[in-house]
Structure formats: C-alpha cells, structure tokens
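See below for the structure under consideration.
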Amino acid sequence: MENSRELEIRQQIDAYVKGQLSEDEIQDLWNEFAKNPHLLEVLEIESGLKSILEEENKPKKASINVLPSWTWHAAAAAVILIVALVQLFKVDTPTELNQFLVANIEPAQIETADALRADGVNLTEADSLLNLGFEALISGDEDRALELFETVINNHEEEPYGSKAYLNKGIILYNEGDYQEASTAFQESADRAENNRMISEKAYWYLGNALINIGELEEAREAVFEAYKIDGVFRTPAFRLLQKLNYDLGKYDYDDFDTQQLN
Amino acid sequence: MGMDYTKFVGAVLENDEAAIARHVKIITAVLIKFLRVRLGVSQQDAEDCAQNTLLIAIEKIRGDKLDNPDVIIHYLFTTAKHEYFKSLSKDKETNYEELPDSHFKPADQLSLLLNKERISILKRCISALKPDFKKYIEYWFANAAYETSVVAEHFEISVSNAWTKKHRVINLLKDCYEKKIQL
Numbered sequence: 010m011e012n013s014r015e016l017e018i019r020q021q022i023d024a025y026v027k028g029q030l031s032e033d034e035i036q037d038l039w040n041e042f043a044k045n046p047h048l049l050e051v052l053e054i055e056s057g058l059k060s061i062l063e064e065e066n067k068p069k070k071a072s073i074n075v076l077p078s079w080t081w082h083a084a085a086a087a088v089i090l091i092v093a094l095v096q097l098f099k100v101d102t103p104t105e106l107n108q109f110l111v112a113n114i115e116p117a118q119i120e121t122a123d124a125l126r127a128d129g130v131n132l133t134e135a136d137s138l139l140n141l142g143f144e145a146l147i148s149g150d151e152d153r154a155l156e157l158f159e160t161v162i163n164n165h166e167e168e169p170y171g172s173k174a175y176l177n178k179g180i181i182l183y184n185e186g187d188y189q190e191a192s193t194a195f196q197e198s199a200d201r202a203e204n205n206r207m208i209s210e211k212a213y214w215y216l217g218n219a220l221i222n223i224g225e226l227e228e229a230r231e232a233v234f235e236a237y238k239i240d241g242v243f244r245t246p247a248f249r250l251l252q253k254l255n256y257d258l259g260k261y262d263y264d265d266f267d268t269q270q271l272n
Numbered sequence: 005m006g007m008d009y010t011k012f013v014g015a016v017l018e019n020d021e022a023a024i025a026r027h028v029k030i031i032t033a034v035l036i037k038f039l040r041v042r043l044g045v046s047q048q049d050a051e052d053c054a055q056n057t058l059l060i061a062i063e064k065i066r067g068d069k070l071d072n073p074d075v076i077i078h079y080l081f082t083t084a085k086h087e088y089f090k091s092l093s094k095d096k097e098t099n100y101e102e103l104p105d106s107h108f109k110p111a112d113q114l115s116l117l118l119n120k121e122r123i124s125i126l127k128r129c130i131s132a133l134k135p136d137f138k139k140y141i142e143y144w145f146a147n148a149a150y151e152t153s154v155v156a157e158h159f160e161i162s163v164s165n166a167w168t169k170k171h172r173v174i175n176l177l178k179d180c181y182e183k184k185i186q187l
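Chains as they are written, first to last, in my numbering: chain F, 10 to 272; chain W, 5 to 187.
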C-alpha cells in the first residue's frame, strides 16, 4: 500500500509534468527520485502519457488545395520585385556597439578545480573553495559565491587560484552590472594568468566587454586585442568587436590582425 | 524499492565491489535522466558525466568526506551539473559564430525520458485501458490547468477519489509498460 509521502510525491510529479513547479520544487522532487528511483518510472509514464494525449488531441491539418503551376511563377516574380524594391529604397542602419557585447556571462565560464578526477589527485582547500563557489552560483546564491571567491583571493593568491578567483569574481560582478569593479577583477586575473592561455583569454575578453560598458573604449580595444591574439574560442567575437571599436574610434588604418583567418 | 545511501557508503568503505556495482547502477540511471531532462544533455554525454560523477563521489566517500545521505544526493546532482559545464567549457568547438548572448535556463525536457520505441509501447498500453479509465485520464491531461476539484466535479467524485483514480490509471499503465518492455 502506498504511503502518504509517496502520494504527496506523486502529486508533485503530476504538477511537474504540467509545468506547475518552481525551480526549487523541481530540485526537491529530483532529490526524492534519488531516494526512490522507482518513482522516476511514474514520471516517465506521466510525461509520455501527456505528450501522447496532446498529440492525439491536436487539431487535424486542413486539407491542401493544389494551386495551378502559373500561380507559383507569379508568386516568385512578385517576391523578386519586392526584393528589388527593398534594395532600391534600403537605408543603412548603423550597428550599435552594444550589439557586439556579451550581455550576460554563462556559469559555464566559471573556473573551478582542475583535478576533480578519481586519479589520486587530492583537492586543495582553494580547489574546494572554487568548487563551492561554483555550486553556490548555480544554486542562485551569488553573494555566497562572491564570498567564497574572495576567500580564495585573500588566502590563496598563488597560481592558478588567484587568477581563477579574480576571474570568477569579475563574472559575478559583470552579471550584476557592476562593470567598474568587474573590470578591476578581470584586470587582476589577466595580470596573474600570464602563463595560462585559457584564463588569460577569458580575462582579457571580459575585461574588454566590461570596459566598453563604462565607456573606456581605448583601453577596451587593447584588452580585446589581447584576447584576439591568444587565438582561442573568443577570436571571432573579438575580431568583430575590434572592427566595430576601430570604426567608432576612427582608426580605419588599423590592420594588425589577420582578417583572412576569420573568413 | 528505495535507494539506501547509508548502505552505499558502507559498501564503498568496505570495498564490497558487488554492492558498489549494484548501487552505482541505480544512481547512474537517475543521474543520466537528471542530466537529460534538466540540462538537455545528449545520452552519450549524460552517461560520461554520470560515470565521472560516481567516480568522484566514491573517492570523496573513501576520503571520509561524505556520509550523510542528503549531502550525498546534493553532491551527486551538483557534481553531475559541474561535470557537464566543465565539459562544455573545454569544448573548443563551441560555436561562437554568434556572439554569446544572455544565459537562460530552458524548460525541462521531459520528452527526453522516453524514446520512440517506449512511446509506442506506452501507446499500446493506453489503447488497452478500459474506456472509462481512458476517458478519465484524457480529461485529466486535457484540463491540466484546472484544479483537481474541477476534474472531481466533472466526474462527480471527491477530490481524494479523483487522485486515487488517477494513480490507479497510472499504476495500470506502469504495470502494462513494465511487462511489455521486458518482452
């Protein structure tokens, strides 16, 4: 016989399938699945049942009347005419600098411990703090995450912990819109990560973005160029942002970077 | 029926390989589904992340750093997410053709729980339901936004009986589904 707790969970499953649970309630439900994996089968059945019934109750597609072929030719001619007219009367609209900026930095960019593997490598205290900071951040507790990264900065300044902690701090501040403080943190990270290509690239790329947000375009251009030179994952967006910055700053003869590689 | 994390910790500390394997199989299945549904991870990546997560958790238990069941569950889910995000950030083929935009959390993808073959089995089970059960469950899901009291009123039963009847239909489908899947 099912106990009342299980009935309660099954009501939560019903609400989950209907999209009525909050994020916290969903995670609580998954914690229950971890304790009672057989309830995952109920979730499977309910979600499958819902999608099957929805599919069956979808309105049938209206029948399609086949048009004579000349109508397609006429439609194609009309489209060509419209395109030609649009081209003729087109007015170029200038792109805005903020179209090239990162609006929000993903949690995946947060730096954590390198050696989180079962290969006998022990985690240091700084590694654990970085991981805890990441956990706090993805759980929505930015203040706690910031506090943990500050602890790393204050107690474990040695590399790679200093550069990672400053980078993570910068990411949180950037997402909170505190671009001034974020740029300071990214600069600290970049200074420390000279020998770490991946962190260095991230630090310069986000430093450039933060500086643009506070109107320091010349300094931003230098930072973005550093990110571009590292030739990593941000090379393409860095190139585009540099082009836009050069245009806005009136540096039309700026050709230090190789456009061919990006085509 | 439930997963006993205290026994899992005991098995790890005693190096009971058979018991560890039994528990790992159960936890891995949960983690794979969690990653698939909550983060939309592919089956292959979810399997890799779940395997790494278990290796990490076992090491942590061996180091006497994990023993409370609730903490273990929290650690498993967090580490699974962490493993996935780590694999993403290490993926050099990330497409940056478009500039990274704001990050948002897409809705859970419950449809990933069942593949086509399983959906087809479930369809056969639905068609085998007694007509009044089928009518009942169709009404239940067709009016998902309604309170259960509305369904209860429609079928002229109490709210408590409405839930009981719904659970009964789900249990029937579950039994049928499990039998057919084992064939």
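We put the beta carbon where it would ideally sit given N, CA and C, even for glycine. This structure is a prediction, so every number in the text was calculated from the model and none was measured.
Q: Give the residues of chain W in contact with threonine 121 of chain F, contact being defined as C-beta atoms less than 8 angstroms apart.
A: His86, Lys90
Q. When DSSP labels each residue in this structure, what does valine 34 of chain W get in the three-state scheme?
A. helix
**Q.** N- and C-terminal bounds of the alpha helix (DSSP H) containing lysine 27 of chain F
**A.** No alpha helix (DSSP H) contains lysine 27 of chain F, which DSSP labels as neither H nor E.
Q. Residue range of the alpha helix (DSSP H) that asparagine 40 of chain F falls in?
A. 32 to 44
Q: Assuming glutamine 162 of chain F and tyrosine 183 of chain F form a contact by the criterion Cβ under 8 angstroms, report the distance between their Cβ atoms to the nearest whole angstrom.
A: Correcting the residue type first, residue 162 of chain F is isoleucine in the shown sequence and not glutamine. With 8 angstroms as the limit, isoleucine 162 of chain F and tyrosine 183 of chain F do not qualify as a contact, their Cβ atoms being about 16 angstroms apart.
**Q.** Cβ-Cβ separation, asparagine 140 of chain F to threonine 121 of chain F (assumed contact under 8 angstroms), whole Å
**A.** 5 angstroms
(Q) Would leucine 226 of chain F pass as an interface residue toward chain W - the criterion being a Cβ-Cβ separation below 7 angstroms? (A) no
(Q) Among W:Leu59, W:Arg42, W:Leu177, whose alpha-carbon lies nearest the alpha-carbon of leucine 114 of chain W? (A) W:Arg42
Q) Taking buried to mean at least 16 other C-beta atoms within 10 Å of its own C-beta, is isoleucine 89 of chain F buried or exposed? A) exposed
Q. Mapping DSSP to helix, strand and coil, what is glutamine 113 of chain W?
A. coil
Q: Measure from the C-beta of phenylalanine 12 of chain W to each C-beta in chain C and report whether the shortest distance is under 7 angstroms.
A: Any reference to chain C falls outside this structure, whose protein chains are F and W.
Q. With 16 as the cutoff for other CB atoms within 10 Å, does leucine 110 of chain F come out buried or exposed?
A. buried
Q. For chain F, is any of its Cβ atoms less than 7 angstroms away from the one on valine 232 of chain W?
A. Residue coverage of chain W in this structure runs from 5 to 187, which leaves residue 232 of chain W outside it and unanswerable.
Q.
What would DSSP say about methionine 207 of chain F, mapped onto helix, strand or coil?
A. helix
**Q.** phenylalanine 143 of chain F: contacting residues in chain W (beta-carbon distance under 7 angstroms)
**A.** His86
**Q.** Nearest-angstrom Cα separation, counted from glutamate 121 of chain W out to phenylalanine 89 of chain W
**A.** 30 angstroms
Q: Quick one: list the residues of chain F neighbouring tyrosine 181 of chain W, beta-carbon separation under 7 angstroms, in chain order.
A: Ile54
Q. Residues of chain F with CB under 9 angstroms from threonine 198 of chain W, in chain order?
A. Missing from the structure shown is residue 198 of chain W; chain W here goes from 5 to 187 and no further.
Q) Is any beta-carbon of chain W found at less than 7 angstroms from that of lysine 178 of chain F? A) no
Q | Given glutamate 134 of chain F as reference, the closest of F:Ser148, F:Glu115, F:Ala145, F:Leu157 once Cα atoms are compared | A | F:Leu157
Q: Please report how far the alpha carbon of alanine 156 of chain W lies from the alpha carbon of tyrosine 140 of chain W, in whole angstroms.
A: 10 angstroms
Q) So which of W:Thr10, W:Phe38, W:Ile31, W:Gly6 has the shortest CA-CA distance to leucine 116 of chain W? A) W:Phe38
Q. Got a sec, what are the start and stop residues for the alpha helix (DSSP H) aspartate 71 of chain W sits in?
A. Looking at the DSSP string, aspartate 71 of chain W is not in any alpha helix (DSSP H), and its letter there is neither H nor E.
**Q.** Residue-level contact to chain F via CB, alanine 148 of chain W, 7 angstroms cutoff
**A.** yes
Q) So glutamate 53 of chain F is in the alpha helix (DSSP H); what residue range does that whole segment cover? A) 48 to 65
Q. Between the stretch 248 to 262 of chain F and the stretch 142 to 153 of chain F, do three or more beta carbon pairs fall short of 8 angstroms?
A. no
(Q) Mapping the DSSP letters down to three states, classify lysine 184 of chain W as helix, strand or coil. (A) helix
Q) What is the DSSP secondary structure of isoleucine 60 of chain W, reduced to helix, strand or coil? A) helix
Q | Alpha-carbon spacing of lysine 64 of chain W relative to leucine 70 of chain W, whole angstroms | A | 6 angstroms
Q: Using the Cα positions of alanine 50 of chain W and asparagine 204 of chain F, report the straight-line distance between them to the nearest angstrom.
A: 33 angstroms
Q | Min CB distance asparagine 40 of chain F to chain W below 7 angstroms | A | yes
Q. In chain W, which residues lie with their C-beta within 7 angstroms of the C-beta of arginine 230 of chain F?
A. Within chain W, no residue comes near arginine 230 of chain F; the closest Cβ sits about 17 angstroms away, beyond 7 angstroms.
Q) Under a CB-based cut-off of 7 angstroms, is glutamate 17 of chain F close to chain W? A) no
Q. How is the alpha helix (DSSP H) around phenylalanine 243 of chain F delimited, first residue to last?
A. Here phenylalanine 243 of chain F belongs to no alpha helix (DSSP H), and DSSP marks it neither H nor E.
Q: Using the Cα positions of arginine 40 of chain W and asparagine 12 of chain F, report the straight-line distance between them to the nearest angstrom.
A: 29 angstroms
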